[in-house]
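Working notes for the structure below.
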């Protein structure tokens, strides 16, 4: 609307008001880190401002309920835990999960920028995560092979002879197996929890212990689901032999935001 050729306030487009809310930092984070917060039951992404924050700091941020979570997900898993063959049986998210689970887990952890214990880290320490997880697993496998006693050659049809000549298990090998099993259980559980917190995904089954239940009952399926959740395989090229399981173009053009504990 104009009066005598002059524009009035009614003719000036007004921007929609942005609601500012207070958010308590769940941990110490560097500037640019992205985490999810909840306001009135709605999950929204928060970008840590310049200078970073310390755990417990209260920061003022814009509330954008139409946005998606920090991982590009609006509070839910992209697919079911048993959708391992969604991209085909020859896709790295399926083959590596079945044949070399620890390698795919290391790739997922690299995408999340956490260390070998699944703790968020600053700087470039996360770039060593894939190597560290693979080294730990390979050392365990080598020691297990060397320490496991061999079974004497016996007629395969003589079942009783096989039982009678079964060598006693090596206690050191058993101890190493238990330690490695607990390590993998711990890391898979923690990584799954980090992804849920990052993407604002609530527990639906076995509330309070869903992460450990998935890691314990079907580790391969759980790691495969986490791989699909932390990458957009519809647009990103999957790779077998890279530290994050993604092609070079995806690494250069679409870096993932670091994840934080809440």
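Residue numbers (this note's numbering): 28 to 289.
Where is the CB? At the ideal position from N, CA and C, for every residue including glycine.
Quantities reported herein were computed from a predicted structural model and do not represent experimental measurements.
| Check | Outcome |
| --- | --- |
| With a threshold of 16 other CB atoms inside 10 Å of the CB of residue 251, please say whether the residue is buried or exposed. | buried |
| According to DSSP, simplified to helix, strand and coil, what is residue 123? | helix |
| Return yes when the Cβ of residue 177 is within less than 8 Å of the Cβ of residue 156, no when it is not. | no |
| Taking 6 Å as the limit between beta carbons, can you name the residues of its chain near residue 240, skipping five residues before and five after? | 233 |
| Going by other Cβ atoms of all chains shown within 10 Å of its Cβ, with 16 needed for buried, is residue 13 buried or exposed? | Any property of residue 13 remains undetermined from this structure, which presents the chain solely from 28 to 289. |
| From the DSSP output, in three-state form, read off residue 149 for me. | coil |
| Return the chain-ordered list of same chain residues with a C-beta closer than 7 Å to the C-beta of residue 207, the five sequence neighbours on each side being excluded. | 167 |
| Taking only three categories from DSSP, how would you classify residue 269? | coil |
| Can you check whether the CB of residue 48 is closer than 8 Å to the CB of residue 88? | yes |
| If you count every other CB in all the chains shown that lies within 10 Å of the CB of residue 261, and 16 or more means buried, which is it? | exposed |
| Have a look at 205, 211, 273, 162 and flag the residue whose alpha-carbon is nearest the alpha-carbon of residue 245. | 211 |
| On the DSSP letters alone, give me the boundaries of the beta strand (DSSP E) that residue 67 sits inside. | Premise fails: residue 67 is in no beta strand (DSSP E) and is neither H nor E. |
| Within the continuous beta strand (DSSP E) that includes residue 108, where are the two ends? | Run containing residue 108: none; DSSP gives neither H nor E here. |
| Could you have a look at residue 177 and say whether DSSP puts it in helix, strand or coil? | coil |
| Give the DSSP-derived three-state secondary structure of residue 62 in the structure shown. | strand |
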